[in-house]
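Written below as structure tokens is the structure these notes are about.
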Amino acid sequence: MSQEQKFCTFIVDQYFFGIEISRVQEVIRYQEMTDVPLAHPVIRGLINLRGQIVTTLDLRRRLGFPPLKAGRFPMNVVIRAEDGPLSLLVDEISDVMDVSEDWFENPPENLNGETRAMIHHVCKLKDRLLLILDVEQLLNLEVAKT
Amino acid sequence: MDGMDEIIKEFLIESTENLDKLDRDFVALEKNPKDKELLSSIFRVVHTIKGTCGFLGFQKLESVAHAGENILGKLRDGQLAMNESRTNALLALVDALRKMLVEIEKTGKDEKGNYDRLISTLTLLSEVNDSVKTTVVPALEEASETANRTGESAGVSETAIRVDVSLLDRLMNLVGELVLARNQILQFSTAQEGAGLGSAPQRLSWITSELQEGIMKTRMQPIGNVWGKFPRVVRDLEAACGKKIRLEMEGKETELDKTVIEAIKDPLTHIVRNSVDHGIESPEKRREAGKNEEGLLSLKAYHEGGQVHIEITDDGGGISPEKIRDKALSKGLISPEVARQMSERDLLNLIFLPGFSTAEKVTHISGRGVGMDVVKFNIESINGVIDIQSKPGLGTTLKIKIPLTLAIIPALMVSSQNNRYAIPQINLLELVRLEGVKVQTEIQLVHGAPIYQLRGHLLPLIFLNQELEVSNSLDTVHNSLNIVVLKAGDHQFGLVVDEVNDTQEIVVKPLHQILRHVDAFAGATILGDGSVALILNVMGLVKKAHLISANLEQAKIEKAPVIEIDTRDKQMLLLVKAGYTDHMAVPMKQLERIEKLDGSLVEKAGDHDVIQYRGKIMPLIHIGSVLPERRKKPRQIVEPSVYENKALIYAAVYTKNGRSIGFVVDRVYDVVEVIVEIKDVIRREGVLGTTVIQGNVTEILDVDWILKLAPPGFFDSAVA
Numbered sequence: 001m002s003q004e005q006k007f008c009t010f011i012v013d014q015y016f017f018g019i020e021i022s023r024v025q026e027v028i029r030y031q032e033m034t035d036v037p038l039a040h041p042v043i044r045g046l047i048n049l050r051g052q053i054v055t056t057l058d059l060r061r062r063l064g065f066p067p068l069k070a071g072r073f074p075m076n077v078v079i080r081a082e083d084g085p086l087s088l089l090v091d092e093i094s095d096v097m098d099v100s101e102d103w104f105e106n107p108p109e110n111l112n113g114e115t116r117a118m119i120h121h122v123c124k125l126k127d128r129l130l131l132i133l134d135v136e137q138l139l140n141l142e143v144a145k146t
Numbered sequence: 147m148d149g150m151d152e153i154i155k156e157f158l159i160e161s162t163e164n165l166d167k168l169d170r171d172f173v174a175l176e177k178n179p180k181d182k183e184l185l186s187s188i189f190r191v192v193h194t195i196k197g198t199c200g201f202l203g204f205q206k207l208e209s210v211a212h213a214g215e216n217i218l219g220k221l222r223d224g225q226l227a228m229n230e231s232r233t234n235a236l237l238a239l240v241d242a243l244r245k246m247l248v249e250i251e252k253t254g255k256d257e258k259g260n261y262d263r264l265i266s267t268l269t270l271l272s273e274v275n276d277s278v279k280t281t282v283v284p285a286l287e288e289a290s291e292t293a294n295r296t297g298e299s300a301g302v303s304e305t306a307i308r309v310d311v312s313l314l315d316r317l318m319n320l321v322g323e324l325v326l327a328r329n330q331i332l333q334f335s336t337a338q339e340g341a342g343l344g345s346a347p348q349r350l351s352w353i354t355s356e357l358q359e360g361i362m363k364t365r366m367q368p369i370g371n372v373w374g375k376f377p378r379v380v381r382d383l384e385a386a387c388g389k390k391i392r393l394e395m396e397g398k399e400t401e402l403d404k405t406v407i408e409a410i411k412d413p414l415t416h417i418v419r420n421s422v423d424h425g426i427e428s429p430e431k432r433r434e435a436g437k438n439e440e441g442l443l444s445l446k447a448y449h450e451g452g453q454v455h456i457e458i459t460d461d462g463g464g465i466s467p468e469k470i471r472d473k474a475l476s477k478g479l480i481s482p483e484v485a486r487q488m489s490e491r492d493l494l495n496l497i498f499l500p501g502f503s504t505a506e507k508v509t510h511i512s513g514r515g516v517g518m519d520v521v522k523f524n525i526e527s528i529n530g531v532i533d534i535q536s537k538p539g540l541g542t543t544l545k546i547k548i549p550l551t552l553a554i555i556p557a558l559m560v561s562s563q564n565n566r567y568a569i570p571q572i573n574l575l576e577l578v579r580l581e582g583v584k585v586q587t588e589i590q591l592v593h594g595a596p597i598y599q600l601r602g603h604l605l606p607l608i609f610l611n612q613e614l615e616v617s618n619s620l621d622t623v624h625n626s627l628n629i630v631v632l633k634a635g636d637h638q639f640g641l642v643v644d645e646v647n648d649t650q651e652i653v654v655k656p657l658h659q660i661l662r663h664v665d666a667f668a669g670a671t672i673l674g675d676g677s678v679a680l681i682l683n684v685m686g687l688v689k690k691a692h693l694i695s696a697n698l699e700q701a702k703i704e705k706a707p708v709i710e711i712d713t714r715d716k717q718m719l720l721l722v723k724a725g726y727t728d729h730m731a732v733p734m735k736q737l738e739r740i741e742k743l744d745g746s747l748v749e750k751a752g753d754h755d756v757i758q759y760r761g762k763i764m765p766l767i768h769i770g771s772v773l774p775e776r777r778k779k780p781r782q783i784v785e786p787s788v789y790e791n792k793a794l795i796y797a798a799v800y801t802k803n804g805r806s807i808g809f810v811v812d813r814v815y816d817v818v819e820v821i822v823e824i825k826d827v828i829r830r831e832g833v834l835g836t837t838v839i840q841g842n843v844t845e846i847l848d849v850d851w852i853l854k855l856a857p858p859g860f861f862d863s864a865v866a
């Protein structure tokens with residue numbers, strides 16, 4: 001018996017990523033952001049989510065990709081975190097997918113250390129790879145600094 | 147009578163609620179009779195009821211509660227064990243207390259009813275001997291019977307309701323959303339005139355504003371609401387203890403969030419009672435100690451650094467750290483090894499341990515070992531901090547800091563690089579705008595740090611853009627300068643911003659923990675147009691700008707070191723420019739002469755620059771280069787090679803034991819004879835202090851400090 005899990009999937013750069021659906025609070029389109037000077041470079045700003053102030057993290061920067069082309073705006077994947085919601089900025093939102101645990105594989109060895117730590121599993125889909133992100137590692141900016 | 151009624155009403159609501167909680171606690175206790183925490187919490191409730199009715203004058207209620215407290219105290223300390231008869235008797239106690247509360251609510255008195263048997267049962271059961279079971283039953287019946295007749299009429303404790311704060315939070319967020327929707331509709335209706343909406347948008351607008359204000363108001367209360375009952379509390383205690391006390395209150399209007407007010411009410415009452423009972427001495431003792439017979443108890447509240455500060459100070463006998471240590475040791479709260487390593491401050495803080503009491507005798511007001519641990523617990527539960535400072539013989543101060551989270555504060559909005567920031571108005575002193583040439587002339591660099599003279603005060607300036615690292619505005623030329631004069635702790639400084647906008651009431655929202663390490667911000671808020679603005683943490687900015695160096699802070703604690711300049715007499719000062727310090731004064735009495743020397747003759751000898759002077763070799767020290775930079779990023783250091791290009795250098799010559807050393811300065815302005823008045827704003831190593839001479843901010847050089855830089859042993863022996 002294999003277990004199926006649901007993942008919220010999205011695209012960053014040309015890669016296909018997924019986050020466990022239970023961690024995702026909602027998905028919203030681009031919002032104006034307020035800069036936070038002096039903060040970690042991965043932190044892009046603050047948005048107003050129906051009266052709640054939510055900090056946004058740039059997944060491109062977090063995963064070491066080049067910035068999004070000018071004129072294109074990222075989407076917000078709002079996730080539940082320990083101290084309240086946080087938003088991950090992604091290029092494009094894709095579907096919610098059912099994935100069987102059987103398809104999980106360890107991330108490839110040739111990924112560099114930090115990025116590898118953030119990827120929990122790799123799933124071989126029919127036409128492409130789904131990279132399942134480890135949210136805790138993603139939010140662990142202390143490590144990212146060093 | 148009005149104030150009294152208010153107190154009684156509050157007492158009734160609170161006690162009724164607490165008793166309901168006791169019912170649950172007792173049931174839980176039956177399952178787990180050894181639960182210390184539960185026993186402590188039950189004890190506290192009964193203790194509070196006893197204490198409160200003690201000064202409200204309900205003697206019968208007090209004596210019943212007192213009997214209960216005795217047995218609970220022993221249970222808590224493990225001298226007695228819970229058993230069925232004790233549980234029954236305690237439940238009967240709760241019933242009896244409840245009945246008496248109802249009676250007080252109806253008649254204002256507690257005289258009806260006879261509780262002697264309950265009291266005697268409780269007293270019997272509080273004896274360590276367990277052979278008293280038989281007497282329990284009749285007493286219990288009596289109490290239960292009386293309890294049955296209660297609870298018929300709806301009284302004051304039922305007309306007030308409590309609302310969950312999280313519900314208020316949700317309402318506030320929703321109102322915020324409503325405000326945004328309203329703004330959009332208003333925009334739409336003005337753009338589409340004659341859309342048939344009539345006056346509806348205006349009414350919507352008005353209702354929304356009212357609603358917003360109302361919801362905000364539900365959360366805020368001035369601290370005076372809590373303090374209001376203290377004069378009475380103090381007066382009654384005064385009479386009970388035979389003391390004379392004057393109560394002073396400052397900052398009554400300081401507004402606190404509802405949750406915060408609730409949480410500090412009991413701790414504050416405890417502290418005030420403790421101060422009166424234990425802190426302030428009897429008039430006789432005070433007279434002996436040479437103090438005013440009338441003791442002073444002062445309460446102070448203010449907003450600072452995004453927090454609410456409350457200080458309770460008495461000028462009583464203070465607390466002796468040794469006494470606390472001995473007590474803690476005898477109670478086994480700390481081990482002798484630990485005690486030996488504890489600082490005075492640590493020792494003082496031992497009074498916050500559960501079960502600690504330094505009172506020699508237990509009085510009915512305080513001193514049962516509850517109080518300070520409860521105080522600390524309650525304050526920490528709202529993320530507050532409590533600290534105690536005490537000087538034996540002089541008095542005690544308790545400082546409470548409570549975070550401002552969720553509070554609504556007035557704030558000044560400023561802009562920096564097109565981003566808006568809120569500055570809590572509590573930090574704001576005034577606004578200054580400099581235009582045109584004044585920007586150049588009125589701001590002086592003192593060792594690279596910009597200073598503005600505000601009515602004779604030296605005001606260090608911080609550039610917001612630079613501190614936030616969004617641009618280096620120090621290097622750009624300004625046509626005008628907006629200075630926001632701020633206060634943080636004992637420091638005043640000017641914050642230079644791009645633009646000053648309006649003032650607003652803002653709702654402080656905490657930042658996610660992922661951002662909490664950024665000291666420069668205290669939180670964030672949502673503005674009227676729906677965008678987010680960061681709230682500046684003024685204290686954090688000061689720290690970031692290194693306005694307060696660790697040394698300076700230390701120096702302050704040690705009460706300003708003695709400055710070795712005789713401030714009364716006139717003295718001769720050499721005014722010079724040295725490196726990035728535009729104006730520096732060197733005390734002449736330490737100098738022999740000023741020399742013009744040929745820069746091209748400067749030679750290197752090891753690490754030192756030297757020059758041949760009157761047939762001897764004289765080391766040179768370039769003052770501008772050796773003074774430590776106050777700024778974080780020193781600008782280009784002046785290389786020793788400065789001498790090479792200069793035909794002429796100025797050196798102030800210092801001579802001791804026949805050997806001379808030259809202090810090289812960049813320019814000599816003048817020699818003046820003045821009375822030096824140190825204005826100690828920016829102090830750093832190598833500088834004795836700062837003053838104003840001829841209208842210029844001038845630092846006074848610490849010659850002794852500079853001499854330490856001479857080659858080792860240079861002055862030790864006279865030249866043969």
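Just so you know, the sequences run in chain order A and B. The first sequence begins at 1 in the numbering used here and counts up by one. The second sequence begins at 147 in the numbering used here and counts up by one. C-beta: ideal position from N, C-alpha, C; glycine also. Note that this is a predicted model, so its numbers are computed, not measured.
Asked                                                                                                                               : Found
CB contact flag (B:Gly676, B:Val654, <8 Å)                                                                                          : no
Separation of B:His455 from B:Asn420, as counted between CA atoms                                                                   : 19 Å
Per-residue contacts from B:Gly322 into chain A (C-beta, under 7 Å)                                                                 : Gly51
Short CB-CB distance (under 8 Å) between A:Val99 and chain B                                                                        : no
Cutoff 8 Å: A:Ala39 Cβ touching any chain B Cβ                                                                                      : yes
DSSP-derived helix/strand/coil call for B:Pro570                                                                                    : strand
Alpha helix (DSSP H) segment containing B:Phe189, residue limits                                                                    : Lys182 to Leu202
Residue range of the unbroken alpha helix (DSSP H) whose run includes B:Ile852                                                      : Val849 to Leu853
Contacts around B:Ala706, its chain only, beta-carbon distance under 6 Å, and the 5 residues preceding and following it disregarded : Below a pLDDT of 50, predicted positions are generally treated as unreliable, and B:Ala706, at 34, falls in that range; the measurement from the model is reported next regardless. Excluding sequence neighbours, B:Ala706 sits near nothing in its chain.
Same chain only: Cβ atoms within 8 Å of A:Glu105, ignoring 5 sequence neighbours per side                                           : His121, Val122, Cys123 and Lys124
CB of B:Gly441 within 8 Å of CB of B:Ile497, strictly                                                                               : no
For B:Asp755, three-class secondary structure by DSSP                                                                               : strand
A:Gln137 in three-state terms, based on DSSP                                                                                        : helix
Check whether B:Ala235 and B:Leu185 have beta carbons under 8 Å apart                                                               : no
Chain-ordered neighbours of B:Ile672 on chain A, where CB pairs are closer than 8 Å                                                 : Asn48, Gly51 and Ile53
Closer than 8 Å at the beta carbon, the chain A residues around B:Ser677                                                            : Glu32, Thr34 and Asn48
Supposed contact pair A:Thr9 and A:Met97 - C-beta distance, whole angstroms, cut 8 Å                                                : 5 Å
Short-range partners of chain A found in the region 561–590 of chain B, where Cβ spacing is below 7 Å                               : Asn565
Three-state secondary structure (DSSP) of B:Asn647                                                                                  : strand
C-beta atoms of A:Gln52 and B:Asn329 nearer than 8 Å                                                                                : no
CB contact below 8 Å: B:Ile709 versus chain A                                                                                       : At B:Ile709, the pLDDT of 38 sits below 50, so the modelled position is not reliable and the matter cannot be decided from this model.
Local Cβ density within 10 Å of B:Ile265, reported as buried at 16 or more and exposed below that                                   : buried
Residue-chain proximity (B:Val616, chain A), Cβ-Cβ < 8 Å                                                                            : yes
Any non-hydrogen atom of the ligand SAH within 7 Å of B:Asp412 CB                                                                   : Only the bare structure without any ligand can be found here, which leaves the ligand SAH out of the picture.
Within-8 Å CB hit, A:Ile11 to chain B                                                                                               : no
Short CB-CB distance (under 8 Å) between B:Val664 and chain A                                                                       : yes
A:Ile43 beta carbon less than 8 Å from that of B:Ile660                                                                             : yes
B:Lys424 - DSSP class collapsed to helix/strand/coil                                                                                : One detail in the question is off: residue 424 of chain B reads as His in this sequence, not Lys. Three-state result, B:His424: helix.
Contacts around B:Leu443, its chain only, beta-carbon distance under 6 Å, and the 5 residues preceding and following it disregarded : Ile391, Leu393, Ser421 and Asp460
Interface partners of B:Asn319 on chain A, CB under 7 Å                                                                             : Arg50, Gly51 and Gln52
According to DSSP, residues forming a beta bridge with B:Glu819                                                                     : B:Met718
Below-8 Å beta-carbon distance, B:Ile660 vs any chain A residue                                                                     : yes
Alpha carbon of B:Pro780 to alpha carbon of B:Ser771, nearest angstrom                                                              : Here B:Pro780 scores only 40 on pLDDT, less than 50, and its place in the model should not be relied on; the value that follows carries that caveat. Their Cα atoms are separated by approximately 11 Å.
Chain A contact for B:Leu493 (CB, 8 Å cutoff)                                                                                       : no
C-alpha distance - B:Thr162 paired with A:Leu130, whole-angstrom precision                                                          : 60 Å
Start-to-end residues for the beta strand (DSSP E) that takes in B:Glu457                                                           : Gln453 to Asp460
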